[in-house]
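Notes follow once the structure below has been shown.
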Amino acid sequence: MKQSNSIFLNGLNEAQSHAVDHFHGPLLVVAGAGSGKTRALTHRIAHLITEYKVDPSSILAVTFTNKAAREMKDRLELLLAKRLSSLTHGKPWTALQVAEQREIRNRIHREISRELWIGTFHALFSRLLRFDIDKFKDPEGLTWTKQFSIYDETDAQSLIKEIVTQDLQLDPKRFEPKKVRWAISNAKNQCLLPDDLSNNQEGQRGKLVAETYRLYRKALAANNALDFDDLLLIPVQLLQQNEKIRTYWHSRFKHVLVDEYQDTNWTQYELIKQLVTNGKDPSSFQDWNNRSVFVVGDADQSIYSFRAADFRILMGFQEDFGKKSLDNKYDSTLVKLEENYRSTSTILEAANSLISNNKERIDKVLRATRGEGEPIRLTRCDDEIAEAEAVIHRLRILDASNPELNWGDMAILYRTNAQSRAIEDSLVRWSIPYIVVGGLRFYDRREIKDLLAYLRLLINPSDSVSLLRVLNVPKRGIGKTTVQRLSDAASQLKIPLWEVVNDPEAVRSLAGRSAKGLLIFSELINELQSHLLSSSPAELVQLVLEKSGYLSELIATGTDEAEERRRNLQELVNAALQYQEESEDANLEGFLSTAALSSDADNKDTASNRVTLMTLHSSKGLEFPVVCLVGMEQGLFPSYRSLDDPSSLEEERRLCYVGLTRAKEKLFLFHASERRMWGGMREPAIASIFLSEIPEELVKGDIPLSGGATLRREKNLDRLTRIDRQSNKKSFPSEAENAVRKTYSGPSPGKRWSVNDRVEHSSFGEGIITHVFGSGEKISLAIKFSGMGPKILDPRLAPLKLIDE
DNA sequence: CCTTCACACGCCTGC
DNA sequence: CGTGTGAAGG
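Numbering-wise, the first sequence is residues 0 to 804 according to numbering that gives the first Met the number 0.
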């Protein structure tokens, strides 16, 4: 079956060809930095389609970022286009006219790449959920529809905060929503449900976290919303419980490829397993005919354990899926790519030496294929401002003395986003063009989130988080008290907030002066909803902008900041237009998913001729001729949180390894002896331990280096930069806190209206009072009439009379 | 009842 | 340094 004459095997080394040509069964590709794994992945897909005649729609390829997905598609299209051009035109690709090229690419896109499922775990499985989530049966009876909203971290946290303070009546200072959210996220990423978590917990605090998790999940369902973690966890549950759906997707995706496998978590692993083996135990799964699972990764580049990635999943792959190892090199389930085509041998040697300090590794060496290159340069600076100046100075020298180097060939990498500021200042001072990747996402800007909240509300009126966000934006005179009254009513009636807001009588009854604003708002939403089916996403964005008064308010404000926001919103319209161009059946749900799941790094093209600034994490998968790595100091990099924890320190070291191996030609390291942390305090800083792990002979210091001995001695000193870990103090709700459970002012004896009273309404007929809101003069009644949902009425206005028993 | 202003507090990394 | 929360003002 081996097709050794395939053009997609040309120019590959032995190990790469082996990976590309693999057809049946599981294969783990251990791919060191710069060993051509993206090449192997794209060639493999092309090879599967053209040589093994695999239907493109049966290929599922998981990438780590959307950007990587787009690149993979582009490269694949180009590969296939080149092949097609020699087949159909008998000419090499470059000899074709532009129009011919375009026609071929369109054809490839239409017939092949459009059919492929390539994307991040989150993007792919939210797509799957848009098909099947309505068939999901939750053990606690929760339900979702295809119109579900996707909540980002902020939305999720505000929901949790609400639960902690309102439902559980806990002090958010002691039971921090952020930490609780983190614990819940961790559980979800390990495939744990509320009950599982509860059973895992001993102390009261743990039990409370599990209880928050349960309520949080319930709240998400009430909002018809999912958080990022649910996009993976719900599909797992769905595939586990529903054999029909599982078998469908199992039969559909015959070839599954996963990039950056070292950064998968247990929930993602479970997804892969369900799809590949149809839920069977992988070690005994036999039915590999015309089916494969192909994972690529490098345990030394695992840098996401903070979001529950576990590289032991990669290390256990063979045992999970494979037969026992016979020949270590070309085992039927393992290929190692160990030849590095990216970096000079100096850079590689430094990286190899650094990473050898880690204990938890798969044995792997990275062999250089390029020359020695220049020594690594290390610069020590007085503080972060001097550091920024030193970096820029270095880049300017390079720019002046190397005509072949452009600004776009240079990258400045740092541990934390906050470090970019000082460097940006210097770049501006020297008028050097630059781009900052990461940090605040475009879709996290306030005005963008506001507009997206409108759109989410339109398709998913249950989404109360979005409703609350835009209810009074722009200002409609609807204040906190009114909102609280409406929310209380909604939660007691167990109906979405929107149903209260959308009921004019309820509004008139519950709200005072702000009733007018509420009526305007609900009319607005109803009107916008009427355009849902007939308008494109971009048109809808424009409509919301105009009809909501958002745009006119910004124009009226007239400040620079407002103008900036207006431009961003225009950019959102453009993003919607671009989305429409790129996808076949463009709809608003799709656009909103794309928006929720895109990261800042996805949108920036690094092609423009600018110096790139980013965190080490975002640099994964990229390469640059020139790399400057700044802030190599204890407490910063490695981060202070890792200093007393060996396994986090190893992760920091892997991060450093990733950073070093981004460089192709020239590598510059910087550290400062003093640094302003946040606010103003100047903190003395000492050189990073990682510097002492790079062989001295590879490094040339601008200043005399403190040797490894000094560093090792300093290592044992008490860290000035270290911040004491918070002691594990428990925070239980006190007796007092428990005692002040909120009571709504129900009917007091002697009042005219009470719960369970039977009433008669002149047009709705007979009903029963289910709730009484408010007290004194101002009360509202929730009444259940037969044949309709609960109505909220003001007894002073509504034609009601009490029926005597 | 809603808006605005001031102050306190905290930031690692990100789909 | 930005965000979120609280008290005073309108």
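Where a beta carbon is used, it is the ideal one built from N, C-alpha and C, also for glycine.
Please report the straight-line C-alpha distance between residue i and residue j, rounded to a whole angstrom.
| i | j | result |
| --- | --- | --- |
| proline 798 | threonine 64 | 59 Å |
| asparagine 416 | alanine 574 | 25 Å |
| asparagine 351 | threonine 614 | 21 Å |
| asparagine 459 | threonine 480 | 25 Å |
| serine 535 | valine 572 | 11 Å |
| leucine 697 | proline 624 | 18 Å |
| serine 304 | lysine 178 | 16 Å |
| asparagine 471 | asparagine 567 | 21 Å |
| aspartate 154 | alanine 220 | 14 Å |
| asparagine 199 | threonine 211 | 15 Å |
| alanine 738 | valine 163 | Reliability fails at alanine 738, whose pLDDT of 30 lies under 50, so the model's placement of it is uncertain and no value is given. |
| threonine 144 | aspartate 793 | 33 Å |
| asparagine 835 | alanine 307 | Residue 835 lies beyond the range of the chain shown here (0 to 804); nothing can be said about it. |
| leucine 169 | valine 482 | 21 Å |
| threonine 266 | leucine 553 | 43 Å |
| leucine 238 | proline 91 | 46 Å |
State the DSSP-derived secondary structure class of residue i, mapped to helix, strand or coil.
| i | result |
| --- | --- |
| proline 645 | helix |
| cysteine 190 | coil |
| asparagine 573 | helix |
| serine 84 | helix |
| leucine 716 | In this predicted model, leucine 716 has a pLDDT of only 33, less than 50, meaning its place in the structure is not dependable enough to derive any value. |
| leucine 531 | coil |
| serine 331 | coil |
| isoleucine 271 | helix |
| arginine 173 | coil |
| glycine 407 | helix |
| isoleucine 767 | strand |
| valine 179 | helix |
| glutamate 759 | strand |
| isoleucine 434 | strand |
| arginine 740 | Caution applies to arginine 740, whose pLDDT of 26 falls short of 50 and renders its modelled position unreliable; the value that the coordinates give is listed next. It is coil, neither helix nor strand. |
| leucine 810 | For the chain, the structure presents residues 0 to 804; residue 810 sits outside this window and is missing. |
| alanine 781 | strand |
| alanine 797 | coil |
| alanine 662 | strand |
| lysine 90 | coil |
| valine 482 | helix |
| asparagine 199 | helix |
Please look up how many angstroms separate the CB atoms of residue i and residue j, rounded, as I've assumed it's under 8 Å.
| i | j | result |
| --- | --- | --- |
| valine 435 | leucine 612 | 5 Å |
| isoleucine 58 | leucine 47 | 7 Å |
| aspartate 309 | asparagine 264 | 6 Å |
| phenylalanine 590 | cysteine 627 | Not really, about 37 Å apart at Cβ, beyond 8 Å. |
| glutamate 692 | leucine 353 | 5 Å |
| leucine 450 | glycine 658 | Not a contact, Cβ separation roughly 37 Å. |
| alanine 39 | leucine 336 | 7 Å |
| valine 255 | valine 275 | 6 Å |
| valine 61 | aspartate 258 | 6 Å |
CB residue i to CB residue j, shorter than 8 Å?
| i | j | result |
| --- | --- | --- |
| valine 469 | leucine 158 | no |
| leucine 509 | lysine 546 | no |
| serine 592 | isoleucine 233 | no |
| isoleucine 802 | valine 754 | no |
| proline 55 | isoleucine 107 | no |
| leucine 230 | leucine 270 | no |
| tyrosine 433 | arginine 251 | no |
| isoleucine 391 | threonine 345 | no |
| arginine 564 | glutamate 651 | no |
| alanine 514 | alanine 781 | no |
| alanine 32 | aspartate 362 | no |
| arginine 653 | glutamine 300 | yes |
| leucine 196 | alanine 209 | yes |
| leucine 621 | glycine 634 | no |
| arginine 216 | glutamate 588 | no |
| threonine 343 | arginine 366 | no |
| lysine 243 | asparagine 289 | no |
Opposite residue i in the DSSP bridges: which residues?
| i | result |
| --- | --- |
| tryptophan 116 | Leu59 |
| proline 683 | Glu673 |
| methionine 613 | Leu412 |
| serine 291 | Gly24, His254 |
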